[in-house]
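Accompanying notes for the structure given below.
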Amino acid sequence: MSPRAQKWVISGPPLGYLLIFFAIPTFIMVLASFRFAGEFGGLAPLVGTGNPDELSGLTFENYQRFFEDTIYLELFLKSFIYATVTTLLCLGVAYPLALMIARSDKRWRELLVLLVILPFWSNFLIRVYAWMIILGPQSGFARAVNGVLGTFGAEPIPLLYSPIAVIIGLVYVHLPFMVLPLYVNLEKHDPALLDAAQDLGAGAWQRFWKVTFPLSLPGVYAGAALVFIPALGIFAIPDILGGTDGILIGNVIKQQFLDARDWPFGSVLSMVLTVLAILFAGLAAWVARHQRI
Amino acid sequence: MALLEIRDVTRRFGDFVAVDGVSLSIGAGEFFTLLGPSGCGKTTLLRMIAGFDQPDAGSIEIDGKNTVGVPPEERNVHTVFQSYALFPHMTVEQNVSFPLRMSKCPQAELAPRVREALEDVSLLGMEKRYPNELSGGQRQRVALARALINRPKLLLLDEPLAALDAKLKERMQLELITLQKEVGVTFIYVTHDQEEALALSHRIAVMNKGKVEQLDQPATIYGFPKNRFVADFIGECNLLDCTVSAVTDGTMILDVEQLGRVVASGANGTTAGTKGALALRPEKVSIARELTAESCVNRFNGRIFDYLYTGDVTLYIVEVDNGRRVEVMLPNNAVGRSSKFFEPGDAVQIGWRDDAGSFLPD
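Quick mapping for you: the protein sequence lines, in order, are chains W and V.
Per this note's numbering, residue 6 is the first one in the first sequence, and the count goes up by one each step.
Per this note's numbering, residue 10 is the first one in the second sequence, and the count goes up by one each step.
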C-alpha cells in the first residue's frame, strides 16, 4: 500500500465520523438559521411550491430578530457571567484538591482520582435532583445556613430556585473536569524545582506563586476551557435548580426547539453560542501555547 | 573557628542508618568533597546541611550557630542539584536573579548583579534564553550562577557533573576550581567519582555505610589509604592479604599469601603476627624482563597473564611463580613499539621499593 493510501486508511474513519456527526449537522444548523420556520413548527421548505402565501427560501430575518431584541444579548451576557463565576469557583475548589492528590503518596493517588470521577457513575440528572433536596427549604443545610444568617439579624434566604443554587449545581457538575487536567499537570512537576526554590530563599507562598502556579497554567487553561464551554450552554441545571428567573441561554435554545418549535431562531442562538465557544476555546489554546512550559 | 561544624550526626530511615555518627569540621574557603558509593549517606548528609532533612542525633553548626529547626530558605547555604533544577518557565536572567528577588533586593541592583554572576560563569549574552534552549554545560553554569549570586557562606554541589560527557566534565572541573578560588565560597561537593574528587578537592571525606572511613587531602587518601575500603574504592589497588612475620627498626617483613616475603617500611607500632593487607598501587610496581634498579628490594618472577591497554598506560596482570596475580601499570612512554611492550605469556620480573605500599591491618 502506498504511504498516501495508508494515510487515508488511518485517518479515514475518524475523518468520516467527524464529517457525519459534526460537519454535516453544523452545516444543517447554519442552513437552518437562514430558513423560515414552518407553519406547524420545524422548517419551511427551501424550494417554494409556487404559492405566494407559503414561506420558502433563505432569509436574514432570524438574525435581525436576535439583534433587535436586547433580551437575547442580555441572556448571553448572563450566561457568560455564570460560566465565568463557575469556572473561577471550580478553579478555586479544584486547585487545592488536585495539588493534594498530586502530592499525596503514590499508593493513594489512583484511588483519589477514582473518587473524583466516581460521581460520573450515577446519572447526571439524579445528581442534580439530589441538590434540590439538599438546598430545599426543609433541608438541614438550608436551615443551618439561615440559622447562621439569623444570628447576624439577616432575613432567611431561599437557597433553592436562586442564582446560588444554579452556581452550586454548575460548580458541582463541572468540578471533575477542572480537577483532572490540573492533576495531570501538577503530577508531572519535578519536586526538585520546589527544593531549589526553597533552597534559594523562597518561602512556601513564594514557592507556590513563582514555581508551582506558573508551571500549572496549561492545566488551568485546559480545565477552564472544559468547564467554561459546557457551562455556557447548559440548560438542565438552571431548569431544575434555577426557578423562573434562573434561565440561561441554553434554556432559551431548548425552548425554541421544543416549546416554540421555532427551529430557525433556535439555530441562530445555537450558532452564536457555538461561535462564542470556539472563540473561547481558541483563546485558551492561544494563551496556553504562548505560555512557556 | 570552622565555618561548618558537624558533630556526631546520625540519621535513620526506619532500620536503615543512612548517616552514622559523622563529625566533620569544614573551614571557610575550603573545597571539601564527600566521596563514596551510592547509598553511603553522602547525599543525606548534604540534605541535612541544606536543611531539607533533620539529623536524628548530633548537631550541625554553620558559623557557630546551631541549625536545628532552621528551614532551607533561611540558611545561607545554596545547593546545585544534580538535575540542576532550573525553572523551565524562567529565562536565564530570571533564574539567576531568583534568589535576589526572594530576598527583596532593590530592583536597580538586579541587572548589574545578574550581569556579574553570568560573567563569572562566562554566560553573557544568554540572558533571554530559556533552560531548554541551553546545552548541558550551559545549564550547569546557570545553576552555578544562580546558587552563587547572593554569595552564600556554603555552596553544596550534589554530583553536578554526573550528567555531562567526559570531555565537558573535565573542562567543567577546571572551571569549578577557578570559580571556587575566585568567589572564595566554601564548596561542599558530593560525588561517587573518585577521579573527580581527587582532582577538585582540598580535602576529601571518604564515606561508606554512613560513616567517614578516611578524611585527608587527596594525595594522602590516594597514597596512604587507611583501610581496605578506601584503598579499593580510590583508584586501582593490589590488596595483598598477608601476615606480619617480623618487625625490625620500623621495617616489617610481610608474609604474603601466594607471593612470598615482602619488605615494607613504616611499621608504626605494628607487631609480628598482625594480619592485614598490603595495599600496592599498580603504578608503583616496576616491570621488566630483567629488573636492574637496585631500589626494588621486593622482586618476583612471573609471567604476563593478561593486559588492558588504555592508551596512555597499559595495565598488566602478572602471575608470579607462587600463583598470586599482581596488577602493574606501565606508562606507554617509549617511542614506537619498544621492547617494554609485553605479550601474554612473556616471562617478566616485577618489583617495588619497601616504601611503595602501605600495610593495612585488619
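A virtual CB, placed ideally from N, CA and C, is assigned to each residue, including glycine.
On a predicted model such as this, the values are computed, not experimentally measured, just so you know.
L324(V) and P291(V) do touch by the CB rule: their CB atoms are close to 6 Å apart, below 8 Å. The beta carbon of P243(W) lies closer than 6 Å to those of V171, G251, I252, L253 and N256 in the same chain, with the five residues before and after it left out. Taking 9 Å as the threshold, the shortest C-beta distance from S112(V) to chain W falls below it.
Around I138(W), the same chain offers S144 as residues with beta carbons nearer than 7 Å, after the five sequence neighbours per side are excluded.
A check of alpha carbon separations from G145(V) across K176(V), L163(V) and E118(V) identifies K176(V) as the nearest. The distance from the Cβ of V253(V) to that of A281(V) is about 5 Å, consistent with a contact at the 8 Å cut-off.
In chain order, A37, R40, F41, A42, W268 and P269 place their CB closer than 8 Å to the CB of L48(W), counting only its own chain and leaving out the 5 sequence neighbours on each side. Listed by position along chain W, the residues whose Cβ is nearer than 8 Å to that of F196(V) form an empty set, because the closest Cβ is around 15 Å away.
Between L44(V) and I213(V), the gap from beta carbon to beta carbon is short of 9 Å.
By the neighbour-count definition (other C-beta atoms within 10 Å, threshold 16), H201(V) is a buried residue.
DSSP, reduced to helix, strand and coil, places P340(V) within a strand of the structure shown. Counting only runs of 4+ residues, the alpha helix (DSSP H) found wholly inside the segment 174 to 221 of chain V occupies 175 to 192 and 203 to 209, in chain order. Under DSSP, A273(V) takes part in a beta bridge, and its partners are M261(V).
No Cβ of chain V is located within less than 9 Å of the beta carbon of A289(W). Annotation for L263(W): the continuous alpha helix (DSSP H) segment containing it runs I254 to L263.
For W13(W), the enclosing alpha helix (DSSP H) stretches over residues P8 to L23.
By the neighbour-count definition (other C-beta atoms within 10 Å, threshold 16), K137(V) is an exposed residue. Counting only runs that start and end inside the segment 188 to 273 of chain W, the alpha helix (DSSP H) elements of at least 4 residues fall at 196 to 204, 209 to 212, 218 to 238, 241 to 246 and 254 to 263.
With fewer than three CB-CB distances shorter than 8 Å, the segment 269 to 279 of chain W does not count as touching the segment 186 to 204 of chain W.
Residue-level contact check: V86(V) touches chain W, since one or more beta carbons of chain W fall below 9 Å from its beta carbon. Residue pairing of Q358(V) in beta bridges, as defined by DSSP: A297(V) and N310(V).
Within the segment 182 to 214 of chain W, the residues whose Cβ lies closer than 8 Å to some Cβ of chain V are D195, A197, L198, D200, A201, A202, Q203, D204, L205, G206, A207, G208 and Q211, listed in chain order.
Contact between L287(V) and C246(V) does not hold, since their C-beta atoms are separated by about 10 Å, which reaches or exceeds 8 Å. Between the C-alpha atoms of V294(V) and R312(V) there is a straight-line separation of about 15 Å.
Closest by C-alpha distance to Y100(W), out of L80(W), L222(W), R266(W) and A282(W), is L222(W).
Interface with chain W (9 Å Cβ-Cβ cutoff): F107(V) is included. Near chain V, meaning a CB-to-CB distance below 7 Å, the residues of the segment 217 to 241 of chain W are P219 and L220. Under the three-state reduction of DSSP output, Y93(V) falls in the coil class, being neither helix nor strand. Non-local C-beta neighbours of V14(W) in its own chain, meaning closer than 8 Å and more than five positions away in sequence, comprise M6, ordered along the chain. Y139 and N141: these are the residues of the segment 118 to 143 of chain V whose beta carbon lies less than 9 Å from some beta carbon of chain W, given in chain order.
Using a CB distance cut-off of 9 Å, A94(V) counts as an interface residue toward chain W. Counting other Cβ atoms within 10 Å of its Cβ, G53(W) stays below 16 and is therefore classed as exposed. Between D167(V) and T229(V), the alpha-carbon positions lie close to 24 Å from each other.
Chain W places no beta carbon closer than 9 Å to that of F22(V), leaving this residue out of the contacts. If you check each beta-carbon in the segment 164 to 177 of chain V against every beta-carbon of chain W, none falls closer than 7 Å. The beta-carbon of A59(V) is placed less than 9 Å from the nearest beta-carbon of chain W.
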